[in-house]
Structure formats: C-alpha cells, structure tokens
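Encoded as structure tokens, the structure appears first; notes follow it.
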Amino acid sequence: MKLWSGRFSSPMAIDADSFNESLSFDKKLFRADITASLAHAAMLGECNIISAEDSARICEGLQGILNDIQSGALEIKDAEDIHSFVENELVARIGEAGKMLHTARSRNDQVATDLRLYTRDSIDSVMKLLVLLIETLMQIAHDNVKSLMPGFTHLRKAQPVNVAQYFNAYSEMFMRDLERFSFCREHVNVMPLGSAALAGTPFPIDREFTRKKLGFAAISENALDAVSDRDFVAEYIFCASLTMAHLSRLCEDTILYTSDEFGYWGLPDEYCTGSSIMPQKKNPDLPELVRGKSGRVYGHLMAILTVLKGIPMAYNKDLQEDKEGLFDTEATLTSCLSIYTELLQHLTIRSDVCFEAAGEGYSTATDIADYLVRKGMPFRDAHALTGKIVRHCIQEKKKLTDLSLQDFQAFDPIFDRSILGVVTTRVSAESRNSVGGSSQTAVRRGLVSLRHRIKRY
Ligand code: ARG
C-alpha cells in the first residue's frame, strides 16, 4: 500500500513503480528509520499530540519490527521505500494507532534524519578503522626506527631517509583523514527531524526532546534547507576520496617496493595471487585492487556533486540518488581500510636491501654541497662543484664513498678528512635533525607527536 494513494484513481504502472522504488537499497536504513520513529513517537506522546497510550503502542510495535528484522523473522519487501515499509508493517501489527506515527512529520525530514543517523554511525566505524591503520603504521615505524631506505623524488633516488620517517608520512596523511572525518561528523550531527515536508509543522512539537533522544548535537535552523541538504553526503564521500587517494599511494609504493626490481619489502604468500599461465608469478593483486577502487569512490563524489547542483528549493526526488553512492563508498572504504591494515601487519621490511639501496645513486651528494656551505662556500657554487664530483664518479664508475680525501682535494683544497664521513648514508640521514627530518631523534619526535594526537580518537 502506498502511503499517498488516496489522491490517485489508479495504481502506478509496474515499470514506473519499480523505477521509482528505493527499498532495494534504502532497506539498509531500517535501524536508523526505526530509531528516529521511536524518538518521534515518544515526542508526540510527550507533547500530547497523540495519547500516551498510542505513543506507547507505537513504540512497542516499532521495537517488535526492529527485533524481527534483526532476527531474520521479518523480511523487508513489498514497499516503495523503507519508510513506507516500516509504517505499513506497524499498521498491520497494531492497527489504528500506527496510523498516527506520521503526524507532524514528512518522509522528507524522515529520510534526511535517517541518513544522518546512518552516516554518523558509518563515520564512527571508519574512524575506528583509520585509528587501527595508523597504529599499524606506527608499529612498523617503531620497529624500524634505526633502518634507512632511499628517499625518492621523481621516482629517482634523492636522499637517504629513515624507514620510520617514511611510515610516519603515511600516518600523517591518515591522521588528516581522521580529522576530516571528525569535522564531517560535526556537520552530520545536526537533526532535521521536525522540519516536516519543507515548511515546518503547526503541531506543538518539541524538537529538543527528539534531539536529545537521538543524540544529535544541534537541530537544523531552517526547514527548507534541512530537508534538501545533502552536503554531509558529499563531504563524507570527499573525506573517503582523499583517504582512498592516500591508500592508493601506499598501494603504489607497495607494488613498487615489493617488486624484484626494488625488493625493499616482502609480501607473504597469503596476500598475493598467482598467474593462470606463468607459473613463476606472484602478483600484488590486493594493492592493485585497492588502488583501482579509488576510482569508484571518486566517481561517487562526482555523482553526488552533480545531483546536488541543480535542484530547486526544497526536496526533490533527485535526492533519492544520494544513497547508493554513499553506501558503496562506505563498503569500498571500509573493506579497503581493513584489508590494507591486515596486509601491513604481515609486511616484511628488508632493512639490509633498503640500506644498501639508500647508499646508491649518489644520494649523499647534497651532503657534500651542505658541507662546503658550512666551510663558507655560497650554496650555488657548492652545488656546481658537487655536480662535477658526481660527474667524475659516473665516468669513473665510482661511488661517492669510494673517493679518497686526495680525490676530494683535487676538486678543491677546502675539503678535509671529515668529508669521508659526511658522504656515508648513516651520517647523511642522521644529520637531518630538523623537525620532521630523517634523524632518529627527529623521527622519534614524530612518533611521539602522532601518539599524542591519536589519543584524541
Ligand atoms: N525514498 C525517498 C528518498 O530517498 C524518500 C523520501 C520521499 N519523499 C518524497 N517526497 N517523495 O528520498
């Protein structure tokens, strides 16, 4: 039975009905819908808009529906949307009193409230997963605080960095995601219920009562805006998109660093796949999939932004298009966060290979230039002279650490014995003690700061 059939002389055409329905996907909102209805019914009774007995009967009926859905005894089907389903079921169970539930309410403020309750819970789960991921990254950093690896720019070896500094970099990214989701939660946590269809309601409702019951931090200030506002959906998907961007970068590094060409990290067999034709292959499908799945989340962001851009004031059915993208974003993001955290817990860091690689590619050349600057040479001249030394090494097929003091002095007598230490990988990394730098002290400071910040969540 349609909630609105009174005005119509004939039922909907079958195709039109199935095109219009949202139950197939908004049934996910059943818990939120019943929770919001419980609060609304209690408020109606409290404000004497319906009798206390009817209010109690409705709440009991709703609770029964919730229990039966959760136990599997009641299947969600045969309705236009979840709101119609719950109301129809309520009337079927308790009769006349059930017909009073929708007093002073519209599906417009109802769906907006349901979706906010759902999104708030979803943010809480995502934030928990982000905390787990960051803790896993911090553990790897903690275990590798003495290890060095090449740092890259343009995917060419640049300067040695600390392995912990590398993992802390990802912790910083996910920490920002955590903060973003917590801001988003504040925007989500505003209650539209009580806005009714678009103009408010003539009934003496108590929005503060429902706000408290539903745990919202505030109530919406404008009914027209409240029923048509889905900014929070776009924000949620944007937060998810950036998290996926960060995960995707980590995936890219994982794929590169676990390749035979790099060999810095090892992935256990349990997290890899093989090839149906090439028996030797061990493929990083999981990181590839996570990297690939960022595409669908970005797609959902584009979709919701486009849905929102042209809707006239106030509620329009376009807004029904807010849900599938949100649900798929949630499912994609949470599965990617979980699997990647698990994969990272099984990652091995080959610190010997990393260390060896960190010393290659003249990665300490900047240290020679910095050394010359400390001896009084202007940086630009120091850069040019060091460039010549590197060119010489390339021609002679030598590493910077192969050069003797005499070799250095042949370029400029300014060099003394200490240059031989300056060009080593360890000294290079340890010398960068600036905040955020690669020295062990700086990296440990970074870890302490992360540990401090993550406590808030
Ligand atoms: N299924 C609808 C949605 O998701 C519920 C709201 C329907 N409201 C209406 N005025 N037709 O947006």
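Counting in the working numbering, the sequence shown runs without a single skipped number right up to 1215 at its last residue.
A virtual CB, placed ideally from N, CA and C, is assigned to each residue, including glycine.
Restricting to Cα atoms, I'd like to know which of the options is closest to residue i.
i	options	result
Val-985	Leu-1047, Ile-827, Tyr-1073 and Thr-1090	Tyr-1073
Ser-953	Met-933, Ser-1033, Lys-1040 and Arg-969	Arg-969
Gly-1119	Lys-760, Ala-837, Ile-881 and Gln-917	Gln-917
Glu-1019	Cys-1112, Ser-864, Asn-902 and Asp-836	Cys-1112
Gly-1195	Val-903, Phe-974, Ser-842 and Ala-850	Val-903
Asp-784	Asn-825, Ser-767, Glu-838 and Phe-777	Glu-838
Arg-1132	Ile-1107, Thr-1099, Leu-1161 and Ile-1172	Ile-1172
Leu-781	Arg-1108, Ile-840 and Asp-901	Ile-840
Glu-930	Leu-956, Glu-893 and Cys-942	Glu-893
Thr-793	Ala-810, Arg-1175 and Ile-823	Ile-823
Leu-1025	Asp-1160, Leu-891, Leu-1130 and Tyr-1098	Tyr-1098
Leu-1101	Glu-1028, Ile-1035, Ser-829 and Gly-909	Glu-1028
Arg-988	Leu-1066, Met-1135, Ser-768 and Val-1048	Leu-1066
Arg-863	Leu-956, His-900 and Cys-1094	Leu-956
Val-991	Arg-1007, Lys-1039 and Phe-941	Phe-941
Glu-937	Val-884, Gln-1038 and Gln-828	Val-884
Ala-922	Glu-1188, Lys-1213 and Gln-828	Glu-1188
Thr-1090	Ala-1116, Pro-1070 and Ser-1052	Ser-1052
Ile-1107	Cys-1151, His-1150 and Tyr-1015	Tyr-1015
Ser-829	Glu-804, Arg-789, Ser-978 and Cys-1094	Arg-789
Pro-1042	Lys-1146, Trp-1023, Gly-1057 and Ile-1035	Trp-1023
Gly-1057	Ser-809, Leu-1130 and Leu-1000	Leu-1000
Ser-1176	Leu-1095, Tyr-1129 and Gly-1145	Tyr-1129
Leu-1202	Thr-1031, His-912, Ile-898 and Glu-811	The residue asked about is misnamed: residue 1202 is Arg in this sequence, not Leu. Out of Thr-1031, His-912, Ile-898 and Glu-811, Ile-898 has the C-alpha closest to the C-alpha of Arg-1202.
Would you mind stating whether residue i and residue j have Cβ atoms separated by less than 9 angstroms?
i	j	result
His-1104	Ala-1127	no
Tyr-1215	Leu-888	yes
Met-933	Leu-1205	no
Ser-1121	Ser-1186	yes
Leu-761	Arg-851	no
Met-1135	Val-1055	no
Asn-920	Leu-1208	no
Met-759	Ser-813	no
Ser-795	Leu-832	no
Ile-995	Leu-1084	yes
Arg-943	Asp-983	no
Pro-908	Ala-1115	yes
Arg-1049	Glu-1082	no
Ile-827	Ile-816	no
Lys-1156	His-1150	yes
Ala-1200	Arg-1190	yes
Gly-1117	Thr-1064	no
Glu-979	His-945	no
Ile-1147	Phe-1169	yes
Asp-964	Cys-805	yes
Round the Cβ separation of residue i and residue j to the nearest angstrom and send it over; I've been treating them as touching at under 8 angstroms.
i	j	result
Ile-807	Thr-861	6 angstroms
Asp-1080	Pro-950	The pair is not a contact, with the Cβ atoms about 13 angstroms apart (cut-off 8 angstroms).
Phe-961	Cys-997	Rounded, the Cβ-Cβ distance is 37 angstroms, inconsistent with contact.
Pro-1045	Thr-1012	4 angstroms
Leu-1143	Leu-1163	The pair is not a contact, with the Cβ atoms about 16 angstroms apart (cut-off 8 angstroms).
Arg-1184	Leu-972	That belief does not hold up - the Cβ atoms of Arg-1184 and Leu-972 are roughly 58 angstroms apart, past 8 angstroms.
Ala-975	Asn-947	5 angstroms
Met-801	Phe-967	5 angstroms
Leu-1008	Tyr-928	6 angstroms
Asp-791	Val-849	Not quite, the Cβ-Cβ distance comes to about 15 angstroms (not below 8 angstroms), so this is no contact.
For the ligand ARG, is there any heavy atom lying closer than 8 angstroms to the beta carbon of residue i?
i	result
Lys-785	no
Leu-1077	yes
Asn-1041	no
Val-844	no
Lys-760	no
Ser-1034	no
Ser-929	no
Lys-1081	yes
Leu-1073	Leu is not the amino acid found at residue 1073; the sequence shown has Tyr there. Yes, the beta carbon of Tyr-1073 sits closer than 8 angstroms to at least one heavy atom of the ligand ARG.
Glu-838	yes
Asn-866	yes
Val-1065	no
Ala-862	no
Ser-809	no
Val-869	yes
Ser-780	yes
His-841	yes
Ala-955	yes
Give a yes or no on whether 9 angstroms exceeds the smallest Cβ distance from residue i to chain D.
i	result
Ile-1107	This model lacks chain D altogether, as it is built from one protein chain only.
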